[in-house]
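Be aware that the sequence shown starts at 389, since it is given in my numbering, and climbs by one per residue. Even glycine gets a Cβ: it sits at the ideal position worked out from N, Cα and C. I have placed the structure first, in the form of structure tokens, so that the comments after it can refer back to it.
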Amino acid sequence: MFKEFKYNQPFQLESGRTLPGFHLAYTTHGELNAAKDNVVWIFHALTANSDPAEWWDGLVGEGKLFTPDKYFIICVNMPGSCYGSISPLDVDTGTGEPYYHHFPFFTIKDMIKTYQHLRDALSIGKIYLGVGGSMGGQQLLEWAIEEPGAFENILPIATNAQHSPWGVAFNASQRMAIEADATWKENNANAGIEGMKVARSIALLSYRHYETYGVSQLETDDNKLEKFKSESYQRYQGEKLARRFNAFSYYNLSLGMDSHNVGRGRESIEKALKTIRAKTLVIGISSDLLFPVEEQKFLAANIPNAQ
């Protein structure tokens, strides 16, 4: 069920900027039981929406691992995204015009603070299980550190404790592609859309792998001179994203991802990870170039009760 949460009080961001409030779109499946101990909180990745039953249907749904018959499943559309939560396309109450380029990006820490307000409004105590991959996993780790008693179990997937210089470089290259679009300086919802298509193409190179392209995009015609499968695939994925996303959200969310560092304000990353009390299972993906397994091994080595 798609729902909306509104917080109508001043909300200060890590940057120092204060918003008059915010709103979050979120989706739930199942019912909260009387003991309120059946909550599964799922954190989505960069361009997903708040309904994991759509993009993770192998795990979420009737008869699946996370079945609404047993669990109260909740997923929030992260602030800055374009699927219902506060975003650059929202109207700035101070000007009466959409934020567009003036939207303040939310750090991972800022995002977690908004989720905590929603959790309190729903009268949820300890969350049975938190699950998140990539940017969603970054949010999960931040919350498990910021509030060590919030989760009983956590499952971070293909994520890290600090966004790496490699990851920041990928994101910076994508933002440069958007900035190179002549329309990016305009104040309209479609500004930078061609640049975002290129940005998506760049991102795909970090999501995929040499071997996967060698299988899925392999050419069988030795005489081919142009219009290769891999080029067509890159263009198709850019067009596909452009039909459902906008460059403002893409740009801002990438800044939020770059901000991720659980050690900020906590002496060190290692000390921050050691404060996690939830039972932890860390999952890595051997072919992931953006979040290499070395980062997950680091998490497992520094989080107590992790494997």
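Cβ separation of residue i and residue j, assumed to be a contact under 8 Å, to the nearest whole Å
| i | j | result |
| --- | --- | --- |
| Y638 | A694 | Actually they do not touch by this definition, with Cβ atoms about 32 Å apart. |
| A413 | S438 | 5 Å |
| Y503 | N541 | That belief does not hold up - the Cβ atoms of Y503 and N541 are roughly 17 Å apart, past 8 Å. |
| Q526 | N548 | 7 Å |
| P544 | L528 | 5 Å |
Alpha carbon of residue i to alpha carbon of residue j, nearest angstrom
| i | j | result |
| --- | --- | --- |
| M584 | S620 | 16 Å |
| Q397 | S656 | 32 Å |
| V603 | A591 | 19 Å |
| L661 | E682 | 16 Å |
| Y624 | R631 | 11 Å |
| P440 | V448 | 7 Å |
| L434 | E419 | 27 Å |
| Y601 | W572 | 31 Å |
| K514 | V427 | 8 Å |
| M645 | T455 | 30 Å |
| V670 | V556 | 22 Å |
| D445 | K452 | 8 Å |
| L506 | G472 | 15 Å |
| E450 | G626 | 32 Å |
| P476 | E485 | 10 Å |
| A711 | G404 | For residue 711 there is no data in the structure shown, the boundaries of the chain being 389 and 695. |
| Q684 | N611 | 43 Å |
| K659 | S561 | 32 Å |
Cβ pair residue i, residue j closer than 8 Å
| i | j | result |
| --- | --- | --- |
| F493 | L643 | yes |
| H417 | F393 | no |
| F491 | F686 | no |
| T481 | P408 | yes |
| H597 | S522 | no |
| F539 | A666 | yes |
| N578 | C470 | no |
| A546 | I673 | yes |
| G468 | N690 | no |
| M466 | H432 | yes |
| E567 | D498 | no |
| S589 | Q622 | yes |
| Q605 | K615 | no |
| A436 | W429 | no |
Member of the options whose CA lies at the smallest distance from the CA of residue i
| i | options | result |
| --- | --- | --- |
| R563 | A666, H489, P692, E442 | H489 |
| D569 | S561, E582, N578 | E582 |
| H551 | S647, P456, S675, W572 | S647 |
| I462 | T415, F616, T495 | T415 |
| I500 | F399, Q684, V448 | F399 |
| D508 | K424, H432, E599 | K424 |
| E534 | V650, W554, A688 | V650 |
| V519 | V464, L477, K659 | V464 |
| E574 | L510, Y487, A532 | Y487 |
| E530 | N611, T608, E614, G653 | G653 |
| I474 | A532, Y395, L543 | Y395 |
| P692 | T406, A532, P476, I496 | A532 |
| I512 | N576, K628, G537 | G537 |
| G580 | L629, L613, T608 | L629 |
| H510 | Q684, K391, P680 | Residue 510 is actually Leu in this sequence, not His. Ranking Q684, K391, P680 by Cα distance to L510 puts K391 first. |
| I496 | D478, K612, G524 | G524 |
| D478 | A565, T608, K659, N576 | N576 |
Ignoring anything shorter than 3 residues or poking outside the region 616-679, list the beta strand (DSSP E) runs there in chain order. List check, beta strand (DSSP E) in window: nothing returned.
List, from N- to C-terminal side, the alpha helix (DSSP H) runs of 4 residues or more that fit wholly inside the region 451-512. Taking only runs of at least 4 residues, the alpha helix (DSSP H) segments lying wholly in the region 451-512 are 496-509.
Could I get the ranges of all uninterrupted alpha helix (DSSP H) runs contained in the region 578-610, with 4 residues as the minimum, in chain order? Listed in chain order, the complete alpha helix (DSSP H) runs (minimum 4 residues) inside the region 578-610 are 581-595, 598-604.
Identify every run of the beta strand (DSSP E) within the region 524-570, keeping only runs that are complete inside it and at least 3 residues long; order them along the chain. Within the region 524-570, the complete beta strand (DSSP E) runs of at least 3 residues are 539-545.
With a floor of 4 residues, list each alpha helix (DSSP H) that falls wholly inside the region 404-446, ordered by position along the chain. Correct list: 440-443.
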